[in-house]
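A quick write-up on the structure given underneath.
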Ligand code: 0GY
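Numbering (our numbering), first residue to last: 182 to 471.
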């Protein structure tokens, strides 16, 4: 299992694009260090340690002010590394946790007080074991009164089967990485049209326009084939999109992106200052800091 992945870029470039004041990197992770915060025994991969200090240094280098730190499967439902990072962020980080179905209301309240604003449900078979929908629905119903949202991670071909579940969730639903479209298909092909339809028909559904490095077939540094997909969502749903680096890019085996070049893609997917402000500031502040 161990050591078949790459470590994050050792020296990302300073981006040319300057994010607007208050910009939020709304999808990133901290990992370990494993000696302090051990990885989950049931994990499907072991990441490189990626500390809060390294995350905050990257935030500053890229010109961002805040982070939303998302729990990844390699830490299971043990959110200690995430909570430790938020606690040391001077109020500049919030979190999306993974929780055990048996979590108590008091534990959820404690997570809220610690800066958590959502839970993540992961539907990628290569990353997690199956959890019955009714168990997930019960968690969603219990976090709804806290004003939290559900983050869902799935692949485009699985959307038809997941549609009814997603559209019955009682919270805002944030989709990771545009629902992982096959960017070898046209942006107006049925697969991505279905995802656009999900957002059109359900005003509580948002999308992260993130992870060109995972989706692209044309590859770095410009990831051209991902741009039309992200841009379409930003232009059609400007108030329901988020952007994130996905640093430290867990479980990537082909290449490791330069985070500076990822930031330099932003003007290509959000071509006006107004769209950039919504994507990077207004939307994440509304969801995580309101
Ligand atoms: C991501 C993507 C991946 C991993 C996870 O929770 C996770 O382990 O999300 C992936 O392997 O595609 O967003 O970090």
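Glycine included, every Cβ here is placed at the ideal spot set by N, Cα and C.
Residue j beta carbon less than 8 Å from that of residue i
| i | j | result |
| --- | --- | --- |
| residue 389 | residue 424 | yes |
| residue 356 | residue 406 | no |
| residue 247 | residue 286 | no |
| residue 361 | residue 329 | no |
| residue 210 | residue 437 | no |
| residue 387 | residue 422 | yes |
| residue 212 | residue 431 | yes |
| residue 439 | residue 197 | no |
| residue 340 | residue 376 | yes |
| residue 221 | residue 265 | no |
| residue 186 | residue 398 | no |
| residue 188 | residue 226 | no |
| residue 426 | residue 414 | no |
| residue 257 | residue 233 | no |
| residue 139 | residue 465 | Not covered by the structure: residue 139. The range shown for the chain is 182 to 471. |
Residues bridged to residue i (per DSSP)
| i | result |
| --- | --- |
| residue 467 | Bridge partners of residue 467: none, in fact. |
| residue 387 | 355 |
| residue 247 | 205 |
| residue 276 | 250 and 297 |
| residue 140 | Lying outside 182 to 471, the shown extent of the chain, residue 140 is not represented and no answer is given. |
DSSP-derived helix/strand/coil call for residue i
| i | result |
| --- | --- |
| residue 344 | helix |
| residue 423 | strand |
| residue 229 | coil |
| residue 550 | Since the first residue shown for the chain is 182 and the last is 471, residue 550 is missing from the structure and cannot be characterised. |
| residue 182 | The predicted model places residue 182 with a pLDDT of 46, which falls under 50 and marks its position as unreliable, so this point remains unresolved. |
| residue 410 | helix |
| residue 198 | coil |
| residue 212 | strand |
| residue 434 | coil |
| residue 191 | coil |
| residue 257 | coil |
| residue 224 | coil |
| residue 237 | helix |
| residue 266 | helix |
| residue 449 | helix |
| residue 367 | coil |
| residue 395 | helix |
| residue 456 | helix |
| residue 462 | helix |
| residue 308 | coil |
| residue 327 | helix |
| residue 339 | helix |
| residue 217 | coil |
| residue 242 | helix |
First through last residue of the alpha helix (DSSP H) which encompasses residue i
| i | result |
| --- | --- |
| residue 299 | First-last for residue 299: 297–303, but that is the beta strand (DSSP E), not the alpha helix (DSSP H). |
| residue 319 | 314–324 |
| residue 443 | 440–444 |
Span of the beta strand (DSSP E) around residue i
| i | result |
| --- | --- |
| residue 377 | Segment 371–382 is the alpha helix (DSSP H) holding residue 377; no beta strand (DSSP E) there. |
| residue 293 | Premise fails: residue 293 lies in the alpha helix (DSSP H), 286–294, not in any beta strand (DSSP E). |
Any non-hydrogen atom of the ligand COA within 7 Å of residue i CB
| i | result |
| --- | --- |
| residue 324 | Here the bound small molecules are the ligand 0GY; the ligand COA is not part of this structure. |
Check whether the region 321–339 touches the region 295–311, taking contact to mean three or more Cβ pairs, one atom from each stretch, closer than 8 Å. yes
Taking three-plus beta-carbon pairs below 8 Å as touching, is the region 191–208 in contact with the region 401–418? no
Would you call the region 272–280 and the region 442–461 in contact, with 3 or more CB pairs under 8 Å? no
Would you check if there are 3 or more beta carbon pairs closer than 8 Å linking the region 364–374 to the region 346–355? no
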